[in-house]
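Asker:
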Amino acid sequence: MARPRSGDYSDRGEARATRNLAARLNIRLDREARHSAEANFVGIRSERVLFSRRTDSRTYLVHRNDFGLGSALGAFEGNDKALYDRGRVIMKALGIPTSERGQQTVIAERHQAAEVAGESGEIRMGEVERGGRFATIQRDIGGLQVWSSRFVLALAKDGQIGFMELHWPEIPSPLLEEARRLQHMVKRRWKPPSYRNGKVESVEPGIIHSPALSFVMDIYPAIRVIYGSTSKGRAGKKAALYLDRHGKPVPIPRVGEMPYEERLERSRS
Amino acid sequence: MPLRYSTGAVRDYVGPGCGGPDLPLTIPEAAFFRYFYSLAGFQLFTRWENGNVWGSDFRDGTDLDPSGGSDVPEIYFYTGHGNCQSPPTATSPDFVITCGNFGTPNTVNIGRSSRWGNGAGNLRFAFIDASCPMDLVSLGNNWFPTFQGLHVAVGHSGTASADTLDSANRGALFAAYTAGSFSLFPHLSVGDAWMAAGTIDIQSGCCAVAIAAGNDRNDAIDRRQNERVSDNRSDPTPNWFAWRWSCG
Numbered sequence: 000m001a002r003p004r005s006g007d008y009s010d011r012g013e014a015r016a017t018r019n020l021a022a023r024l025n026i027r028l029d030r031e032a033r034h035s036a037e038a039n040f041v042g043i044r045s046e047r048v049l050f051s052r053r054t055d056s057r058t059y060l061v062h063r064n065d066f067g068l069g070s071a072l073g074a075f076e077g078n079d080k081a082l083y084d085r086g087r088v089i090m091k092a093l094g095i096p097t098s099e100r101g102q103q104t105v106i107a108e109r110h111q112a113a114e115v116a117g118e119s120g121e122i123r124m125g126e127v128e129r130g131g132r133f134a135t136i137q138r139d140i141g142g143l144q145v146w147s148s149r150f151v152l153a154l155a156k157d158g159q160i161g162f163m164e165l166h167w168p169e170i171p172s173p174l175l176e177e178a179r180r181l182q183h184m185v186k187r188r189w190k191p192p193s194y195r196n197g198k199v200e201s202v203e204p205g206i207i208h209s210p211a212l213s214f215v216m217d218i219y220p221a222i223r224v225i226y227g228s229t230s231k232g233r234a235g236k237k238a239a240l241y242l243d244r245h246g247k248p249v250p251i252p253r254v255g256e257m258p259y260e261e262r263l264e265r266s267r268s
Numbered sequence: 000m001p002l003r004y005s006t007g008a009v010r011d012y013v014g015p016g017c018g019g020p021d022l023p024l025t026i027p028e029a030a031f032f033r034y035f036y037s038l039a040g041f042q043l044f045t046r047w048e049n050g051n052v053w054g055s056d057f058r059d060g061t062d063l064d065p066s067g068g069s070d071v072p073e074i075y076f077y078t079g080h081g082n083c084q085s086p087p088t089a090t091s092p093d094f095v096i097t098c099g100n101f102g103t104p105n106t107v108n109i110g111r112s113s114r115w116g117n118g119a120g121n122l123r124f125a126f127i128d129a130s131c132p133m134d135l136v137s138l139g140n141n142w143f144p145t146f147q148g149l150h151v152a153v154g155h156s157g158t159a160s161a162d163t164l165d166s167a168n169r170g171a172l173f174a175a176y177t178a179g180s181f182s183l184f185p186h187l188s189v190g191d192a193w194m195a196a197g198t199i200d201i202q203s204g205c206c207a208v209a210i211a212a213g214n215d216r217n218d219a220i221d222r223r224q225n226e227r228v229s230d231n232r233s234d235p236t237p238n239w240f241a242w243r244w245s246c247g
């Protein structure tokens, strides 16, 4: 955690704490990198590197412009275990409870290219190639999914962080208690509401909150019900309802103070 | 001159009798997209919802309708229903499915009907958050022809059991990563942002897909990997296509 040294809450103390944290995470900052604070974020950025964190949540972002396949720093070539191991070290350094690590997945990107021959329009497909890889870790607090929290990590060839989104906000205990109550209800065969043109595919207790890149932090315990479509051969995106203990939709976590937008009606031209 | 963007979000399918379940998170998802794009200084062109999003907005010949055609702005974000086959084949169509007051039919066969950037069209970036609008197996038939000046498009590939979930955070994070609205957010290319955000709230086996056209192989690959919405690159001649995908 980026805690200032022994009560130094000055701008300089905050900048020093952020730089120290970057050093602990092996984030190599350029000389010209500057510390700044804006809205609920503080961070250090240069032309090539960004390291920022939220002041209202356990949220950390890292991005290097010069990493990835074909870039100066390249992409990590180690195995999945090495990628996870590095991720676990980072999470520990940032104070993420080990017990909350949920499903781990390495997502392997694939690339392909094709040429379309001029006159004939013939398509000449290239081979499928390996792209970058990133490790993802979901959050699970004793069987409660925290759907909006996640850890995403991609490394450069030399093992330094190329891209990272660690969004793991502290959940206030009353909200965790309510989520446990919802968990109890689901275990006791709570019945999801019927939904027109939808059939229930899954029912899970958990927590939703605002995304990593946002200016507010709304958190709601909810039961998530996913509905598949019952309409024949059409309309596929699955409805996901987030419901409270009364079966009513919880508010949608915001990303900021949303501006008022007038309701518009479109007329035929 | 700032680039123009539009959002089209369809929540209501049941009431008007369009089939498919309602999608309550599409409206906030599009609002979040606008929040970040307006913050970054992009100019809002249209922000239609529900019955005001028309199938004709996505069909060549009517997509230049000044009241909401998808080929008028440079950037279009659609969220609503699409359709998945189980499994798709190389000849299976990809769809956008609206529930419009006008401009029917609501079902748009992308490969047959959508052409972006041709004639007076302007669209550079097509962001389609729907069910399987970009199946990998049929990209050549469904997506190559749509690129008539279009730079990069994103969507999903999957099946009825490996599909996207209605989500507010997926579009919100994608917008925040691509818009360049805030100095302490990573500012990612369209392709990188979709690989990071497009895998949110999808079922196992569903894939986030980003495709770019280019004058030649290197150009297509460079756009797939690196083009940002704010780069102001010229329109590519679609001699080559390059795409990337990652699966949940």
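Residue numbers (numbering that gives the first Met the number 0), protein chains in the order written: chain E, 0 to 268; chain S, 0 to 247.
Glycine is no exception: its CB is placed at the ideal position from the N, C-alpha and C atoms.
Excluding the five sequence neighbours on either side, which residues of its own chain have a C-beta within less than 7 Å of the C-beta of alanine 239(E), listed in chain order?
Answerer: Contacts found: Arg223 and Ile225.
Asker: Could you work out which residues of chain E lie near cysteine 131(S), taking near to mean beta carbons separated by less than 7 Å?
Answerer: Ordered by position in chain E, the residues that pass the 7 Å Cβ test against cysteine 131(S) are Gly235.
Asker: Between the C-alpha atoms of asparagine 140(S) and valine 61(E), what's the straight-line distance to the nearest angstrom?
Answerer: Computed Cα separation, rounded: 38 Å.
Asker: Spatial neighbours of threonine 145(S) within its chain, please: CB distance less than 8 Å, with the 5 preceding and 5 following residues excluded, ordered by chain position.
Answerer: Contacts found: Ile109, Gly110, Ser113, Arg114, Trp115, Ala125 and Ala152.
Asker: Please confirm whether threonine 103(S) and glycine 67(S) have their CB atoms less than 8 Å apart.
Answerer: Taking 8 Å as the Cβ cut-off, threonine 103(S) and glycine 67(S) do not qualify as a contacting pair.
Asker: To the nearest angstrom, how far is it from the Cα of alanine 116(E) to the Cα of arginine 123(E)?
Answerer: Spanning the two alpha carbons is a distance of roughly 8 Å.
Asker: Compare the C-beta of phenylalanine 40(E) against all C-beta atoms of chain S and say whether one is closer than 8 Å.
Answerer: Yes, phenylalanine 40(E) lies at the interface with chain S (some Cβ there is under 8 Å from its Cβ).
Asker: What residue from Pro191(E), Gly101(E) and Gly73(E) has the CA that sits closest to glutamine 159(E)'s CA?
Answerer: If we check each option's Cα against that of glutamine 159(E), Gly73(E) comes out closest.
Asker: Label threonine 90(S) either buried or exposed according to how many other C-beta atoms from any shown protein chain fall within 10 Å of its C-beta, with 16 as the threshold for buried.
Answerer: Result: exposed.
Asker: Does any C-beta atom of chain E lie closer than 8 Å to the C-beta of glycine 139(S)?
Answerer: Answer yes: the Cβ-Cβ gap between glycine 139(S) and chain E drops below 8 Å somewhere.
Asker: Contact criterion: CB-CB distance below 8 Å. Does alanine 161(S) meet it with respect to chain E?
Answerer: Closer than 8 Å: no.
Asker: Within a Cβ cutoff of 7 Å, which residues of the same chain sit near aspartate 215(S), ignoring the five residues on either side of it in sequence?
Answerer: For aspartate 215(S), where only same-chain residues beyond five positions count, the Cβ hits under 7 Å are Asn238 and Trp239.
Asker: Could you check what DSSP says for leucine 49(E) in three-state terms: helix, strand or coil?
Answerer: Reduced to three states, the DSSP call for leucine 49(E) is strand.
Asker: Nearest chain C C-beta to glycine 69(E) closer than 8 Å, yes or no?
Answerer: Considering every chain present, this structure includes no chain C. Its protein chains are E and S.
Asker: Output yes or no for whether 8 Å exceeds the beta carbon distance between alanine 171(S) and glutamate 73(S).
Answerer: No, they are not a contact pair.
Asker: Find the residues of chain E that neighbour arginine 3(S), judging by a C-beta separation of less than 7 Å, and give them in chain order.
Answerer: Chain E residues near arginine 3(S): none, gap ~16 Å exceeds 7 Å.
Asker: So, helix, strand or coil for phenylalanine 184(S), using DSSP?
Answerer: In the structure shown, phenylalanine 184(S) sits in coil (DSSP, three-state: anything other than H, G, I, E or B).
Asker: When you compare the CB of methionine 257(E) with every CB in chain S, is at least one pair closer than 8 Å?
Answerer: Closer than 8 Å: yes.
Asker: What is the C-beta distance between glycine 197(E) and glycine 235(E), in whole angstroms, given that I count them as a contact (C-beta under 8 Å)?
Answerer: Actually they do not touch by this definition, with Cβ atoms about 12 Å apart.
Asker: Rounded to whole angstroms, what is the Cα-Cα separation between valine 254(E) and asparagine 39(E)?
Answerer: Rounded to whole angstroms, valine 254(E) to asparagine 39(E) spans 12 Å at the Cα level.
Asker: Below 8 Å, how does it come out for the region 198 to 218 of chain E and the region 145 to 164 of chain E: are there three or more Cβ pairs, yes or no?
Answerer: Contact between the region 198 to 218 of chain E and the region 145 to 164 of chain E is present, because at least three Cβ pairs lie under 8 Å.
Asker: For tyrosine 75(S) versus phenylalanine 41(S), is the C-beta distance shorter than 8 Å?
Answerer: No.
Asker: Measure from the alpha carbon of valine 215(E) to the alpha carbon of each residue in Ala153(E), Thr58(E) and Asp65(E), then state which is nearest.
Answerer: If we check each option's Cα against that of valine 215(E), Thr58(E) comes out closest.
Asker: Would you say histidine 110(E) reaches chain S, if we count a Cβ-Cβ gap shorter than 8 Å as a contact?
Answerer: Yes - at least one Cβ of chain S is within 8 Å of the one on histidine 110(E).
Asker: With a cut-off of 8 Å on the beta carbons, I'd call leucine 212(E) and glycine 131(E) a contact; round off their distance for me.
Answerer: That belief does not hold up - the Cβ atoms of leucine 212(E) and glycine 131(E) are roughly 20 Å apart, past 8 Å.
Asker: With 8 Å set as the bound, which would you pick, yes or no: does the beta-carbon of phenylalanine 240(S) sit closer than that to a beta-carbon of chain E?
Answerer: Judged by the 8 Å Cβ criterion, phenylalanine 240(S) is in contact with chain E.
Asker: Just list the beta strand (DSSP E) runs in the region 12 to 95 of chain E, keeping only unbroken ones of 3 residues or longer that don't cross its boundaries, in chain order.
Answerer: Whole beta strand (DSSP E) segments, 3+ residues: 33 to 37, 40 to 44, 48 to 53 and 58 to 63.
Asker: Along chain S, in chain order, which residues have C-beta atoms closer than 7 Å to that of alanine 265(E)?
Answerer: Sequence inspection shows arginine at residue 265(E); the alanine mentioned does not correspond to that position. What arginine 265(E) touches in chain S: Trp47, Asn51, Ser66 and Gly67.
Asker: Is the Cβ-Cβ distance between threonine 177(S) and valine 208(S) less than 8 Å?
Answerer: Taking 8 Å as the Cβ cut-off, threonine 177(S) and valine 208(S) do not qualify as a contacting pair.
Asker: For valine 189(S), report the span of its alpha helix (DSSP H) as first-last.
Answerer: 189 to 196 is the span of the alpha helix (DSSP H), which, as asked, contains valine 189(S).
Asker: Going along chain S, which residues have a C-beta under 9 Å from glutamate 99(E)?
Answerer: Residues of chain S passing the Cβ test: none, with the nearest at roughly 18 Å.
Asker: Taking CB distances under 8 Å as the criterion, tell me whether asparagine 108(S) reaches chain E.
Answerer: It does not; no Cβ of chain E falls within 8 Å.
Asker: For a cutoff of 8 Å on Cβ pairs, would you count glutamate 176(E) as touching chain S?
Answerer: No, because no Cβ of chain S sits closer than 8 Å to the Cβ of glutamate 176(E).
Asker: Hey, valine 202(E) and alanine 221(E): beta-carbon distance below 8 Å or not?
Answerer: For valine 202(E) and alanine 221(E), no; Cβs fall outside 8 Å.
Asker: Quick check on the DSSP output: the beta strand (DSSP E) that includes glutamate 200(E) runs from which residue to which?
Answerer: First-last of the beta strand (DSSP E) with glutamate 200(E): 197 to 208.
Asker: Going straight from the alpha carbon of aspartate 64(S) to that of asparagine 117(S), what length do you get?
Answerer: About 14 Å.
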